[in-house]
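Participant: Count the sequence shown with our numbering and you get residues 222 to 438, in order.
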Amino acid sequence: MKFFADTAEIDAIRELAATGLLDGVTTNPSLIHKSGRDFMEVTKEICDIVDGPVSAEVVALDHDTMMREAEVLRKIADNVCIKVPLTIDGLKTCKALTEDGTMVNVTLCFSANQALLAAKAGATFISPFVGRHDDNGFDGMDLIRDIRLIYDNYAFETEILVASVRHAGHVLGSARIGADVATMPPKVILSLANHVLTDKGIEGFLADWEKTGQSIV
Ligand code: E4P
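1) May I have the straight-line CA-CA distance separating residue 329 from residue 283, to the nearest angstrom?
2) For residue 378, decide whether its Cβ has a neighbour in chain D, counting only Cβ atoms nearer than 8 Å.
3) Within 10 angstroms of its Cβ, does residue 254 collect 16 or more other Cβ (buried), or is it exposed?
4) List the whole-angstrom C-beta distance separating residue 409 from residue 383, where the pair is believed to meet the contact cut-off of C-beta under 8 Å.
5) Would you call the CB atoms of residue 229 and residue 243 closer than 8 Å?
6) Which residues bound the beta strand (DSSP E) around residue 276?
7) Please state whether DSSP places residue 426 in a helix, a strand or coil.
8) One question on the structure: do residue 312 and residue 303 come within less than 8 Å of each other, judged by their Cβ atoms?
9) Under the criterion of a Cβ to heavy atom distance below 7 Å, does residue 336 qualify as lining ligand 1?
10) Taking only heavy atoms of ligand 1 into account, decide whether any of them is closer than 7 Å to the Cβ of residue 385.
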């Protein structure tokens with residue numbers, strides 16, 4: 222399972238990239254706003270740090286303007302993945318861009334039928350928003366399960382990129398189902414390493430090591 226960082230914060234991306242565990246980055250207009258940075262500039266910086274796909278989202282609602290925005294964004298770097306909303310114009314844009322060899326992430330997916338459309342449009346990634354789905358009284362994991370089933374039924378190659386991840390449980394559930402990617406806030410990625418028994422184990426081993434009076438280096 223690939224891990225993407227869901228952020229436009231350069232320091233956090235650098236820290237995660239240094240672990241060797243980071244496979245890509247997703248941004249959206251809200252994350253760009255939160256970073257306080259210029260969209261083009263920060264996207265270029267992220268693309269230089271990470272080898273994998275970096276999603277940059279269009280903001281137009283009509284196909285022609287989406288295509289014009291995508292043209293600007295894809296010039297930033299070879300690893301830019303154009304993010305389009307799950308609307309008919311977004312899907313039309315997805316089809317045109319993927320036929321041209323550009324990576325596309327179809328975002329704001331809340332139903333398996335929407336995911337089916339994205340796959341038919343040739344999307345590289347589909348982004349179902351599990352956290353927001355949960356917030357609205359649905360089960361985000363059911364959505365991932367349905368999409369996995371449908372994509373496997375028809376051998377669609379579109380990767381399921383689980384988005385709006387709020388906690389480690391979303392990551393575990395997605396991995397059990399066989400989602401291809403999870404995009405997470407940096408603190409969620411880091412939290413996956415935490416376990417109270419790991420901390421307790423280290424504490425015990427170090428206390429005993431101290432008593433041996435030895436050193437390794
Ligand atoms: C990523 O591609 C999505 O835009 C992001 O995961 C949305 O997360 P949120 O629901 O926490 O805003």
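Idealized CB from N, CA, C, for every residue including glycine.
Facilitator: So, to answer that:
1) Translated into positions along the sequence shown, residue 329 becomes position 108. Translated into positions along the sequence shown, residue 283 becomes position 62. So the alpha carbons of these two residues sit roughly 16 Å apart.
2) No chain D appears in the structure shown, which is made up of a single protein chain.
3) For the purposes of this step, residue 254 is taken as the residue at position 33 of the sequence shown. Using a 10 angstroms sphere on the CB of residue 254, the tally of other CB atoms stays under 16, which defines it as exposed.
4) Working through the sequence shown from its first residue, we reach residue 409 at position 188. Working through the sequence shown from its first residue, we reach residue 383 at position 162. In this structure residue 409 is not in contact with residue 383, their Cβ atoms being roughly 11 Å apart against a cut-off of 8 Å.
5) If you number the sequence shown from 1, residue 229 lands on position 8. If you number the sequence shown from 1, residue 243 lands on position 22. Remark: C-beta atoms of residue 229 and residue 243 do not approach each other more closely than 8 Å.
6) Within the sequence shown, the letter at position 55 stands for residue 276. Per DSSP, residue 276 belongs to the beta strand (DSSP E) from 275-278.
7) Here the question's residue 426 lines up with position 205 in the sequence shown. In the structure shown, residue 426 sits in a helix (DSSP, three-state: H, G or I).
8) Walking along the sequence shown from the start, residue 312 turns up at place 91. Walking along the sequence shown from the start, residue 303 turns up at place 82. At the C-beta level, residue 312 and residue 303 stay beyond 8 Å of one another.
9) On the sequence shown, residue 336 is found 115 positions in, with the first residue counted as 1. Answer for residue 336: no, Cβ out of range of ligand 1.
10) Residue numbering aside, residue 385 sits at position 164 when the sequence shown is read from its first letter. Taking 7 Å as the cut-off, the C-beta of residue 385 counts as close to a heavy atom of ligand 1.
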